[in-house]
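Contents: one structure, followed by commentary.
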Amino acid sequence: CQSTNCIFFFKQILSVVNNHLTKLPIELGTLQKLHTLLISQNEFTSIPVCVGALRVLQVLAAEDNQIEEVPETFAGLLFLKHFNLSVNRISSFPLAICKVTSLEVLDVSCNNLLSIPNEISDLQNLKVLNLKENLLVEIPPQLYSLSKLHGLDLSDNSLSYVPINVCEMTSLNELNLSNNKFFEFPKEVCGVPNLVTFKFDQRNGVKISSLPDEIGLLKVKELVVSHNTLRTLPKTISKMVNLTHLYADHNEIWILPDTFCQMQKLQLLHLNNNQLTSLPKDFDQLILMRDLRLYDNQLKVPPMDVCVSGVLQPIGLFLRKAFRREELLLERMFHSIKDDLTKSQLRALMKKLKVPEEHIMELETRFAGRDQLPERIIASLRHWKDYFGPMATIDELIRITHIISFDHVSSKLKTMKIFAQRLRL
Numbered sequence: 001c002q003s004t005n006c007i008f009f010f011k012q013i014l015s016v017v018n019n020h021l022t023k024l025p026i027e028l029g030t031l032q033k034l035h036t037l038l039i040s041q042n043e044f045t046s047i048p049v050c051v052g053a054l055r056v057l058q059v060l061a062a063e064d065n066q067i068e069e070v071p072e073t074f075a076g077l078l079f080l081k082h083f084n085l086s087v088n089r090i091s092s093f094p095l096a097i098c099k100v101t102s103l104e105v106l107d108v109s110c111n112n113l114l115s116i117p118n119e120i121s122d123l124q125n126l127k128v129l130n131l132k133e134n135l136l137v138e139i140p141p142q143l144y145s146l147s148k149l150h151g152l153d154l155s156d157n158s159l160s161y162v163p164i165n166v167c168e169m170t171s172l173n174e175l176n177l178s179n180n181k182f183f184e185f186p187k188e189v190c191g192v193p194n195l196v197t198f199k200f201d202q203r204n205g206v207k208i209s210s211l212p213d214e215i216g217l218l219k220v221k222e223l224v225v226s227h228n229t230l231r232t233l234p235k236t237i238s239k240m241v242n243l244t245h246l247y248a249d250h251n252e253i254w255i256l257p258d259t260f261c262q263m264q265k266l267q268l269l270h271l272n273n274n275q276l277t278s279l280p281k282d283f284d285q286l287i288l289m290r291d292l293r294l295y296d297n298q299l300k301v302p303p304m305d306v307c308v309s310g311v312l313q314p315i316g317l318f319l320r321k322a323f324r325r326e327e328l329l330l331e332r333m334f335h336s337i338k339d340d341l342t343k344s345q346l347r348a349l350m351k352k353l354k355v356p357e358e359h360i361m362e363l364e365t366r367f368a369g370r371d372q373l374p375e376r377i378i379a380s381l382r383h384w385k386d387y388f389g390p391m392a393t394i395d396e397l398i399r400i401t402h403i404i405s406f407d408h409v410s411s412k413l414k415t416m417k418i419f420a421q422r423l424r425l
């Protein structure tokens, strides 16, 4: 009855969906055994007064009308459990709803709500609350006292922060904060103890550029961070030991941390539409993977034609060979330039490669003296490789030597790379 007029009455269910109705007959209140009433897709401007007389009503669907108010008689629905008031014109949260303490599922999405009254804390049986697509600027503190609430949708509002009190929501399993106005990831969410699903897709919201280290504290099985401007993922993401589904598509991720492959419970991984050029060498250790999406990246290691199937075995085989070649070539490069740098040039190179100052000084102390400079150069470059892991690449070494105008070194490294590519080592 979604597209044609329909009046349907069967035992304890009445549907008048999509009939252009503006009112219901007062006699409807005499149907004392009615437990489900569907009045969606009509032209009501208020919940009909007669509905309040349906004492055993458990389900009321009134979405997609023009409702602006809920009458006080609504408070008489002592057994109502499900109420859908979405896609209407509610601008002030009706207090009559807060008197129906039997409510378990309440949907007031797609309205014009600016705030939520204190009285909502009276809905102590509420399990699911949908506040999507309203005009809220803060998470109503009254929600923290809803001890049975396990599903909360606050997407498509104007939220910009999350209070620390959110950790008091001990029953909360699902939280959606997508399409809001956060300028950074709300790390307070990481303290919600029993969260299973967290959605932070900012397709139509303010996009964030990084995730905090605290992300590792999240115990979720499903994490959605799609449509942001993330450049990478923090190493601590590997501490999310329960994670099975990760949606990080449509970002700007160019590299994954070397700890990423420790998340061996992953079954779904969407990294499509990013800027990845390579994958971690142990990527095929994600043995439970069932849904892998890597398309629309700039993958070279392995190339896209190897990744397009989403099958881990050929990806892993290619990666192991490629990383072995890379390691051998890097080591050859280190030895080839060990006589091409002065000690001051080596220090400048290490600084530009962002090796910590204390590490540079330690290497200078360990390999002191002019005669040990070649060994210091090799040891320093090995240290850079070990310290930065997958980010310490041949291309990065060539790029940095070119930036600091060590042209003789940069040219030598480029030649070695081209020669190795031709011979495939």
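The sequence shown finishes on residue 425 if you use the UniProt record's numbering, and the numbering steps up by one all the way, no holes. Even glycine gets a Cβ: it sits at the ideal position worked out from N, Cα and C.
Exposure of residue i, with buried meaning 16 or more beta-carbon neighbours within 10 Å
{"i": "H150", "result": "buried"}
{"i": "I287", "result": "exposed"}
{"i": "S410", "result": "buried"}
{"i": "D305", "result": "exposed"}
{"i": "P186", "result": "buried"}
{"i": "S109", "result": "buried"}
{"i": "V311", "result": "exposed"}
{"i": "residue 434", "result": "In the structure displayed, the chain extends from 1 to 425; residue 434 sits before or after that span and is not available."}
{"i": "S3", "result": "For S3, the predicted structure reports a pLDDT of 43, less than 50, and the residue's modelled location is therefore unreliable. A value from the coordinates is still provided. Under this definition S3 is an exposed residue."}
{"i": "I116", "result": "buried"}
{"i": "K354", "result": "exposed"}
{"i": "S344", "result": "exposed"}
{"i": "S226", "result": "buried"}
{"i": "T401", "result": "buried"}
{"i": "M361", "result": "exposed"}
{"i": "H408", "result": "exposed"}
{"i": "S309", "result": "exposed"}
{"i": "F419", "result": "exposed"}
{"i": "P302", "result": "buried"}
{"i": "P94", "result": "buried"}
C-beta atoms of residue i and residue j nearer than 8 angstroms
{"i": "V105", "j": "K127", "result": "yes"}
{"i": "K281", "j": "F318", "result": "no"}
{"i": "S145", "j": "L113", "result": "no"}
{"i": "L268", "j": "D291", "result": "yes"}
{"i": "I67", "j": "I47", "result": "yes"}
{"i": "V56", "j": "F74", "result": "no"}
{"i": "N18", "j": "E43", "result": "no"}
{"i": "S102", "j": "L136", "result": "no"}
{"i": "T229", "j": "K207", "result": "yes"}
{"i": "K414", "j": "I398", "result": "yes"}
{"i": "L279", "j": "L256", "result": "yes"}
{"i": "I377", "j": "L346", "result": "yes"}
{"i": "E69", "j": "N84", "result": "no"}
From the options, residue whose alpha carbon lies closest to that of residue i
{"i": "I164", "options": "K33, V189, N251", "result": "V189"}
{"i": "A248", "options": "C110, L95, F79, N297", "result": "N297"}
{"i": "L154", "options": "F198, S46, L123", "result": "F198"}
{"i": "E72", "options": "P140, L271, A62, A53", "result": "A53"}
{"i": "L195", "options": "I215, E364, F419", "result": "I215"}
{"i": "N88", "options": "Q41, D122, A96, Q58", "result": "Q41"}
{"i": "F266", "options": "Q372, L95, L177, M240", "result": "A small fix is needed here, since residue 266 is Leu in this sequence, not Phe. Out of Q372, L95, L177, M240, M240 has the C-alpha closest to the C-alpha of L266."}
{"i": "L123", "options": "I337, S147, M263, K351", "result": "S147"}
{"i": "F183", "options": "P193, E174, S160, M169", "result": "S160"}
{"i": "residue 433", "options": "E358, P141, E63, G76", "result": "Limits of the chain in this structure are 1 at one end and 425 at the other, which puts residue 433 out of reach."}
{"i": "N272", "options": "E396, E252, L223, I315", "result": "E252"}
{"i": "I13", "options": "Q142, N179, I39", "result": "I39"}
{"i": "K33", "options": "L24, D395, V51, L21", "result": "V51"}
{"i": "E119", "options": "N111, R422, I97", "result": "I97"}
{"i": "K300", "options": "R347, F406, D395", "result": "D395"}
Backbone secondary structure at residue i - three-state DSSP
{"i": "K412", "result": "helix"}
{"i": "N118", "result": "helix"}
{"i": "H150", "result": "coil"}
{"i": "R293", "result": "strand"}
{"i": "Y387", "result": "helix"}
{"i": "I13", "result": "strand"}
{"i": "E222", "result": "strand"}
{"i": "K417", "result": "helix"}
{"i": "Y144", "result": "helix"}
{"i": "E174", "result": "strand"}
{"i": "N130", "result": "strand"}
{"i": "E72", "result": "helix"}
{"i": "V105", "result": "strand"}
{"i": "H402", "result": "helix"}
{"i": "S160", "result": "coil"}
{"i": "A96", "result": "helix"}
{"i": "K199", "result": "strand"}
{"i": "T45", "result": "coil"}
{"i": "L373", "result": "helix"}
{"i": "V51", "result": "helix"}
{"i": "A61", "result": "strand"}
Closer than 8 angstroms to chain B by CB, residue i
{"i": "K23", "result": "Annotation note: the requested chain B is absent from the structure, which comprises a single protein chain."}
In the stretch 279-356, which residue ranges form an unbroken alpha helix (DSSP H) of at least 4 residues, counting only runs that do not cross its ends? You should have 304-307, 312-336, 343-352.
Taking only runs that begin and end inside the stretch 238-283, name each unbroken beta strand (DSSP E) of 3 or more residues, in chain order. Listed in chain order, the complete beta strand (DSSP E) runs (minimum 3 residues) inside the stretch 238-283 are 245-247, 268-270.
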